[in-house]
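For the sequence shown, full-length UniProt numbering begins at 1 and goes up steadily by one.
From the three backbone atoms N, C-alpha and C, an ideal C-beta is built for every residue, glycine too.
This one's a predicted model, so the numbers in the text were calculated from it and none came from an experiment.
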Amino acid sequence: MKDIKLIVATHKQFKMPKDQNLYLPLHVGREGKEDLGYKGDDTGDNISHLNPYYCELTGLYWAWKNLDCDYLGLVHYRRYFTKKKQSYKEDIKIDDVILSQADAEKLLDAADVIVPKKRKYYIETLYSHYAHTHDAKHLDVTREIMAELYPDYLPAFDSVMKQRSGYMFNMFIMKKELADAYCEWLFALIDKLYERLDLTGYSSFDARLFGRVSERLFNVWLAQQKELTIKEVPFMYMEKINLFQKGKAFLAAKFLGKKYGKSF
1 MKDIKLIVAT HKQFKMPKDQ NLYLPLHVGR EGKEDLGYKG DDTGDNISHL NPYYCELTGL
61 YWAWKNLDCD YLGLVHYRRY FTKKKQSYKE DIKIDDVILS QADAEKLLDA ADVIVPKKRK
121 YYIETLYSHY AHTHDAKHLD VTREIMAELY PDYLPAFDSV MKQRSGYMFN MFIMKKELAD
181 AYCEWLFALI DKLYERLDLT GYSSFDARLF GRVSERLFNV WLAQQKELTI KEVPFMYMEK
241 INLFQKGKAF LAAKFLGKKY GKSF
């Protein structure tokens, strides 16, 4: 049996998988918060205090620094990899649809990295979508930092920013040694970005930009690792999502210049 740990990033109590040998509920941003009954990302080597800016990345950092396992993955309390493509229903049983230990092992026998199905933007590139919904400066400064720290990644960065689809949500499963390499690369960039940006006047929603930038960076890192085999797997929201509102906000951002002000 493979030693696989999939951290379930959460900031609130929610229905969790029964198999907690495979799935590890992790309270991200736990520092100074009420105990939810889950493991907190404020133990050991941690950056829990940065959660208002880094989102689920504080959980990823904690797993990188503190977990001893052969394979590491990240999912969310409301987004999981699933056995097949399907839509959320009120009476759905989470353990019937998410990946089991056997499912994860089979996938990892065939690929180096498990990722969610690509999110397609069609009329936007990864760069233009971010520019319309948030602030292009975040990506521009990230590119400047990459030129300083990892200049060999610049062609991959520029290529990925022109793509009209990408692996989003910071979800993955891979060997721990691969995850370690990714995290070392990612946090060097994100930490420098945090130092360089002036967040004065940012709303709590806008301040969480580092998690959003990292979604794009994950695609850059993957594009550079040409020797790795990648397997796309379906994923599902574990709560009802208003697709009309999501689509409306997407179009308003592109054509009316209305930035996102909340998550959908």
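- DSSP three-state call for F264: helix, strand or coil? Low per-residue confidence applies at F264: pLDDT is 41, beneath 50, and the placement is therefore not dependable enough to give any value.
- Query: Do G40 and T58 have their C-beta atoms closer together than 8 Å?
  - Reply: No, Cβ-Cβ distance for G40 and T58 is not below 8 Å.
- What residues match up with H27 in a beta bridge as DSSP calls it? As a beta-bridge residue in DSSP terms, H27 pairs with T10, G40.
- Message: Whole angstroms are fine: how far does the CA of W64 sit from the CA of D180?
- Response: Spanning the two alpha carbons is a distance of roughly 6 Å.
- Task: Would you tell me roughly how many angstroms separate the C-alpha atoms of L110 and W221, rounded to the nearest one?
- Result: This sequence places Ala at residue 110; Leu is not what is there. About 20 Å.
- Separation of I4 from L108, as counted between CA atoms: The alpha-carbon separation between L108 and I4 amounts to approximately 10 Å.
- Spatial neighbours of A131 within its chain, please: CB distance less than 8 Å, with the 5 preceding and 5 following residues excluded, ordered by chain position. Only L139 meet the Cβ criterion.
- For G211, does the three-state DSSP call read helix, strand or coil? Here G211 sits in helix by DSSP.
- Helix, strand or coil for T125, going by three-state DSSP, please let me know. In this structure, T125 counts as coil in the three-state DSSP scheme.
- Distance between beta carbons of F157 and G73, contact taken as under 8 Å: No, G73 and F157 are not in contact; Cβ-Cβ is about 24 Å, not under 8 Å.
- Return the CA-CA distance between Y88 and E148, expressed in angstroms with no decimal places. About 44 Å.
- Just the C-alpha distance for A102 and L22, rounded to the nearest angstrom, thanks. The straight-line gap from Cα to Cα measures roughly 10 Å.
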